[in-house]
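Take the sequence shown: its position 348, counting from 1, is numbered 633 in my numbering, and each next residue is one higher.
These notes are about the structure you will find just below.
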Amino acid sequence: MTTRRPNIAMILTDDHAAHAIGTYGSVLNATPRIDEIASLGRRFDNCFATNSLCSPSRASILTGTYSHVNGVTTLVTPIDAGQPTFVSLLKQAGYRTAMVGKWHMGDGPGHDPQHFDYWDVLIEQGEYNDPRFLSADGLRTVPGYTTDIITDLALNWVDSLDGDDPWCVLIYHKAPHRPWVPHPRHRDLFTGPIPVPATFDDDYATRTSSARRAAMRIAEHLTRDDLKTDPPPGLDYEAEALWKYQRFMADYLRCVTAVDENVGRVTDRLRERGDLADTLLMYASDQGFFLGDHGWFDKRFMYEESLRMPLVLSYPARIEPGAPITDIVTNVDWAQTILEAAGVAPHPRMQGRSFWPDLLGTPASAPATGMYYRYWEHDDVFHKAPAHYGFRTDRYKLIYFYNDGLGIPGTGEFTYPGEWELYDLTADPAELHNVYHDPSYAGIRDDLARQMWREQARLQDEPHASQPKPVGL
Numbered sequence: 286m287t288t289r290r291p292n293i294a295m296i297l298t299d300d301h302a303a304h305a306i307g308t309y310g311s312v313l314n315a316t317p318r319i320d321e322i323a324s325l326g327r328r329f330d331n332c333f334a335t336n337s338l339c340s341p342s343r344a345s346i347l348t349g350t351y352s353h354v355n356g357v358t359t360l361v362t363p364i365d366a367g368q369p370t371f372v373s374l375l376k377q378a379g380y381r382t383a384m385v386g387k388w389h390m391g392d393g394p395g396h397d398p399q400h401f402d403y404w405d406v407l408i409e410q411g412e413y414n415d416p417r418f419l420s421a422d423g424l425r426t427v428p429g430y431t432t433d434i435i436t437d438l439a440l441n442w443v444d445s446l447d448g449d450d451p452w453c454v455l456i457y458h459k460a461p462h463r464p465w466v467p468h469p470r471h472r473d474l475f476t477g478p479i480p481v482p483a484t485f486d487d488d489y490a491t492r493t494s495s496a497r498r499a500a501m502r503i504a505e506h507l508t509r510d511d512l513k514t515d516p517p518p519g520l521d522y523e524a525e526a527l528w529k530y531q532r533f534m535a536d537y538l539r540c541v542t543a544v545d546e547n548v549g550r551v552t553d554r555l556r557e558r559g560d561l562a563d564t565l566l567m568y569a570s571d572q573g574f575f576l577g578d579h580g581w582f583d584k585r586f587m588y589e590e591s592l593r594m595p596l597v598l599s600y601p602a603r604i605e606p607g608a609p610i611t612d613i614v615t616n617v618d619w620a621q622t623i624l625e626a627a628g629v630a631p632h633p634r635m636q637g638r639s640f641w642p643d644l645l646g647t648p649a650s651a652p653a654t655g656m657y658y659r660y661w662e663h664d665d666v667f668h669k670a671p672a673h674y675g676f677r678t679d680r681y682k683l684i685y686f687y688n689d690g691l692g693i694p695g696t697g698e699f700t701y702p703g704e705w706e707l708y709d710l711t712a713d714p715a716e717l718h719n720v721y722h723d724p725s726y727a728g729i730r731d732d733l734a735r736q737m738w739r740e741q742a743r744l745q746d747e748p749h750a751s752q753p754k755p756v757g758l
């Protein structure tokens, strides 16, 4: 067994749904280079975001804490970049560190990346072509396609290193985030019919009003900027919805193809350098994404397509290839896992559970029995995705939509009162039937509520004011 500390290469994309990855059973596309990492190591089938939104997820990954602890609850709450992170602890332990690509947690003093020997990041969401990059040397425009450029910059930094000290590089892509601009080399891909998800025509019959009002429908809310052209004239509502789906998905999958190619470039370079065996190589996305599922695009909700994060990793010197890991893990767990792999103690405020011993086949503690979720960014203007929290076990999911921000000042009344949903993921994996009010699920409903409140209290999060304090825990 090697005693060498691993290099760490984390490739993180934005909005890459697990069901658009070959190793996760995609019927849409092939991703051979992402799949290769899984074949060299392990795939996680139940990895979840604790707040399915770009900036909050990135902050949780970096700090190993939930949104209410690290302060990044929404897209407009920037990070205090000086707080402890797995990168700051690796750097203190002698690692050389770099961050390249999409930072998206604020910019300016106090919010720019810290604890990195080298950082070179996109401005906010970034551009697909000729992107602007900000580094310690200032702002510049780099000609080319962003997915390729980010990989170039990251690999150039790795190649510039000398000596034997281990290194950690974060390679954070913009793709496949909206507005899905593919490279011209992929323009001829996905020109045939793309399979339509079985839930595309979900009528939301048993969902709450909180979920039904979301402005994320492919039929109604994709824009001309998203589609790059207008729909053909004369289509009825259903036909136009399907046309928009095909148009959106073709560009989305083309962007994924560029990502997969660049994942391969990283793997190939590590292999050429003789570093692949000694590198903890991770591929993941900051959350899931609706790909026409339930008629939606985007994320935010606690429903499976949005909640589930793809995560594959390899470290041939220590991790034997094996069956997919089905235990529940979250993005909050990654920081402690990386640190334990590197032999570095976590910061006391980190809240996750390291799954490093699980990867070695010697689990040190029982896996989580459930996971706590909280989406803070109540948006009643653009996406209209309501604030909510919930708890998911291996079989059930409880969601409370508390709709923060819709209260009527001075009255204590809510335009949209708190609403509950409950799903039996074994009987109803597509989450089409809310059984919260089904008497046969009353005991399960109450038990899940108790589990959720206990976990909320353990994490030192506070229930929303619209919900009575739990009794009899």
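In this text, a Cβ means the ideal position worked out from N, Cα and C, and glycines have one as well.
At a Cβ-Cβ threshold of 7 Å, L566 and S591 do not count as neighbours.
A direct Cα-to-Cα measurement between H396 and P451 gives close to 26 Å. R328 is bridged by DSSP to V597. If you draw a straight line from the Cα of A303 to the Cα of A608, it is about 17 Å long. The C-beta distance from Y681 to L733 rounds to 6 Å, short enough to meet the 8 Å contact threshold. Counting along the chain, R659 sits inside the beta strand (DSSP E) bounded by residues G655 to Y660.
T622 carries a helical assignment under DSSP once its states are collapsed to helix, strand and coil.
The shortest C-alpha to C-alpha distance from F475 to any of E557, Y309 and A535 is the one to A535. In this structure, N355 lies away from A366, with their beta-carbon atoms at least 7 Å apart.
Taking a C-beta distance under 7 Å as the contact criterion, T359 and W661 qualify as a contact pair. Taking a C-beta distance under 7 Å as the contact criterion, V614 and L374 do not qualify as a contact pair. Out of R735, P648, Q621 and D583, the CA that lies nearest to the CA of C339 is found in D583. Pairing W442 with A383, the inter-Cα distance amounts to about 8 Å. Its chain contains W388 and L419 as the residues whose beta carbon lies nearer than 6 Å to that of V406, once the 5 sequence neighbours on both sides are disregarded; these appear in chain order. Straight-line spacing of the CA atoms in R659 and L527 works out to 32 Å.
By alpha-carbon distance to C540, the top candidate from Y708, P461, H718 and R381 is P461. By the neighbour-count definition (other C-beta atoms within 10 Å, threshold 16), G573 is a buried residue. When the beta-carbon positions are compared, T491 and E704 stay at least 7 Å from each other.
Counting along the chain, the unbroken beta strand (DSSP E) around L683 starts and ends at Y681 to F686.
In this structure, the straight-line span from the alpha carbon of L624 to that of R381 is close to 14 Å.
For W738, the enclosing alpha helix (DSSP H) covers residues A727 to R743.
Residue environment for E321: buried (at least 16 other C-beta atoms within 10 angstroms of its C-beta). P482 places its beta carbon less than 7 Å from that of D578.
Residue R327 holds the alpha-carbon nearest to the alpha-carbon of D612 among G307, S311, H663 and R327. The beta carbon of I319 lies closer than 6 Å to those of I306, D545, V548 and Y568 in the same chain, with the five residues before and after it left out. Shown here, W465 sits in coil according to DSSP, grouped into three states, outside any helix or strand. The Cβ atoms of L710 and R730 lie no closer than 7 Å to each other. The residues A366, M384, W388, W404 and V406, in chain order, have a CB closer than 8 Å to that of P398 in the same chain once the five nearest residues on each side in sequence are set aside.
Across the set L507, A421 and G655, the C-alpha of L507 shows the shortest separation from the C-alpha of E525.
Annotation for M295: the continuous beta strand (DSSP E) segment containing it runs N292 to T298.
At a cut-off of 3 residues, the continuous stretches assigned as beta strand (DSSP E) that sit fully inside the region 532-589 are 564-570.
For the set T316, I296 and R603, the Cα lying nearest the Cα of L455 is the one of I296. R677 and G646 have their C-alpha atoms spaced approximately 25 Å apart. Counting along the chain, no beta strand (DSSP E) covers D643; the unbroken alpha helix (DSSP H) around it starts and ends at W641 to L644.
Only buried fits Y588, as 16 or more other CB atoms lie within 10 angstroms of its CB. Between the alpha carbons of D488 and P642 lies a distance of about 44 Å.
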